[in-house]
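Chains as they are written, first to last, in this note's numbering: chain G, 1 to 258; chain F, 1 to 250.
Quick notes on the structure that follows.
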Ligand SMILES: Nc1ncnc2c1ncn2[C@@H]1O[C@H](COP(=O)(O)OP(=O)(O)O)[C@@H](O)[C@H]1O
Ligand SMILES: [Mg+2]
């Protein structure tokens with residue numbers, strides 16, 4: 001018998017503004033432990049806004065509704081506290097940070113999260129080993145981690161590096177905003193396999209969940225969703241199984257979400 | 001003997017100085033120059049951490065012989081008005097390397113004033129100055145480059161960037177070029193900005209607390225001024241001293 005599932009991320013009637021403009025308009029969504037949900041929707045629907053609101057980006061203000069994450073009030077936490085609580089945000093446009101190496105960036109991030117959990121910082125050697133292992137998982141040259149964060153990376157390299165970061169930080173929940181855009185066919189498979197390796201439940205491992213924001217159904221061939229949602233004009237207008245993604249691909253958003 | 005004419009606000013090189021703080025200095029202080037002469041071909045490195053509780057005036061005069069190389073690096077982080085003045089005279093083929101950082105909060109003015117004289121052909125100079133301020137503090141760079149009539153093939157560059165951590169702080173940059181030769185390269189740039197909010201959020205989204213993020217970004221910003229400082233121990237000493245005062249930033 002399957003065990004009763006606990007809600008990991010529970011979004012209820014979320015309203016949010018960006019720079020004062022209302023964008024999210026009563027969005028509700030629940031992702032249970034062990035589930036992968038996909039969010040699809042046209043450009044400008046509010047997909048990235050949802051991701052940023054969950055991450056706590058300044059300028060993205062919640063005006064009504066609630067978000068609970070692993071039983072906690074997510075919106076009461078600062079962005080870095082949300083990360084430490086196990087939330088990972090994969091950026092649609094990963095940010096370049098000149099002068100800060102990927103190694104330094106990730107070591108600071110991991111050790112800050114460990115500190116929150118009362119764990120000792122990882123030694124330089126142990127961190128290097130972990131970083132190499134996760135880079136290899138995404139078929140990324142570990143030497144690239146010595147370069148300034150995302151500086152000079154191609155679009156595809158930036159997305160792979162997002163997943164290397166996810167591998168190193170090992171979050172309980174990932175919100176991945178168009179991680180598949182900018183990837184060629186081979187890279188798409190590598191990233192898809194990477195997401196499965198990092199975020200799928202392992203025997204005896206902790207509960208995990210994924211919210212996969214995407215435009216196309218192709219990533220969903222590798223990372224099979226349990227539920228597919230259609231986001232339009234700031235709210236979920238339709239939810240269904242994996243077949244919904246195919247329907248969207250064939251008929252377009254307007255026909256399906258009307 | 002030099003006669004002492006005290007500076008006034010009308011002197012171009014003193015236009016951003018804190019004259020109220022200067023009153024705390026004895027008049028004799030204004031005549032004191034540290035004179036350093038480099039023999040032809042000689043190389044010398046000086047790395048300084050400057051600034052204490054009261055106003056300070058540091059004046060260094062460098063005279064470089066043919067093919068000599070002077071490298072000067074300074075972290076200017078006094079709690080009160082701290083002025084570092086450098087006058088450099090370059091003979092043929094000599095090189096002057098300067099990296100300076102002003103950093104701090106409170107109300108103090110911290111400044112670098114350089115005068116680089118390319119007196120002969122083929123000399124080069126390279127100056128990188130970074131200013132990081134908060135509170136109502138001010139960081140200034142006044143950089144004068146003089147190229148003599150026959151100093152052909154001069155290559156002089158100065159680059160200033162200011163980082164304002166809080167509204168109320170300010171920086172000033174005043175490049176001044178006096179060029180009397182025609183075959184010369186003189187580059188100068190000045191820019192003022194704030195911490196990159198997008199980078200800060202990206203760091204936060206990975207779990208890096210705001211204070212740590214700020215420190216990483218400020219370190220990256222000021223590191224430019226010390227990249228040419230090859231002595232690792234001195235490099236780290238200056239960088240850490242500069243970052244050390246960041247602890248009290250808002
Ligand atoms: N910084 C901003 N200020 C004002 N409006 C914005 C800002 N960012 C996004 N928007 C608007 O919010 C809406 C949703 O954008 P976004 O969440 O990026 O959509 P999606 O990711 O689904 O393509 C769009 O109409 C967009 O123009
Ligand atoms: Mg988007």
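Note that the Cβ used here is the ideal one computed from N, Cα and C, for glycine as well.
Within the model, the alpha-carbon separation for residue 231/G versus residue 251/G is close to 16 Å. Pairing residue 100/G with residue 149/G gives a Cβ-Cβ distance under 9 Å. Contact annotation: the segment 116-125 of chain G does not touch the segment 197-210 of chain G, with fewer than three C-beta pairs closer than 8 Å. A direct Cα-to-Cα measurement between residue 186/F and residue 101/F gives close to 22 Å. For residue 213/G, the distance from the CB to the nearest heavy atom of ligand 2 is below 8 Å. Residue-level contact by beta carbon fails for residue 103/F and chain G, as no gap is shorter than 9 Å. In the structure shown, the three-state DSSP call for residue 198/F is helix. Annotation: the continuous beta strand (DSSP E) that includes residue 34/F extends over 34-38. Not a single C-beta of chain G is nearer than 9 Å to the C-beta of residue 141/F. For residue 94/G, the CB stays at least 8 Å from every heavy atom of ligand 1. For residue 174/F, DSSP records a beta bridge to 142/F. In this model, residue 40/F and residue 18/F are separated by some 38 Å (Cα to Cα).
Neighbours of residue 108/G in chain F, taken as residues whose beta carbon is under 7 Å from its own, are 208, 212, 216 in chain order.
Distance from the C-beta of residue 28/G to the nearest heavy atom of ligand 2 is not below 8 Å. The beta-carbon separation of residue 155/G and residue 182/G, rounded to 3 Å, stays under the 8 Å limit for a contact.
In the DSSP assignment, residue 186/G falls within the alpha helix (DSSP H) that extends over 185-199.
Residue environment: residue 36/G is assigned as buried (16 or more neighbouring CB atoms within 10 Å of its CB, all protein chains considered). Identification of chain G residues near residue 201/F by a Cβ-Cβ cut-off of 7 Å yields 57, 58, 79, ordered along the chain. In the three-state DSSP reduction, residue 32/G falls in the strand class (E or B). According to DSSP, residue 73/G shares a beta bridge with 68/G. Residue 159/F carries a strand assignment under DSSP once its states are collapsed to helix, strand and coil. The DSSP-derived three-state label of residue 59/F is strand.
If you check the C-beta of residue 48/G against ligand 1, you find a heavy atom less than 8 Å away. The three-state reading of DSSP puts residue 112/F in strand, counting E and B together.
By alpha-carbon distance to residue 83/G, the top candidate from 114/G, 24/G, 199/G, 245/G is 114/G. Note that the C-beta distance between residue 125/F and residue 156/F is below 9 Å. For residue 224/F, the uninterrupted alpha helix (DSSP H) segment begins and ends at 210-226. Short note on residue 254/G: C-beta not closer than 8 Å to any heavy atom of ligand 2. If you look at residue 58/G, you'll find it isn't in any beta strand (DSSP E); DSSP assigns it neither H nor E.
Comparing C-alpha distances from residue 34/F to each of 7/F, 68/F, 85/F shows the shortest one belongs to 85/F. Judged by beta-carbon spacing, residue 38/G lies within the 9 Å limit of residue 229/G, meaning their Cβ atoms are closer than that value. For residue 104/G, a Cβ of chain F is located within less than 9 Å of the residue's own Cβ.
Using beta-carbon distances, residue 206/G does not count as an interface residue toward chain F, since no partner is under 9 Å. Contact between residue 54/F and residue 24/F holds, since their C-beta atoms are separated by about 6 Å, short of 8 Å.
Collapsing the DSSP output to three states places residue 233/G in coil.
Assignment of beta-bridge partners to residue 8/F by DSSP yields no partner.
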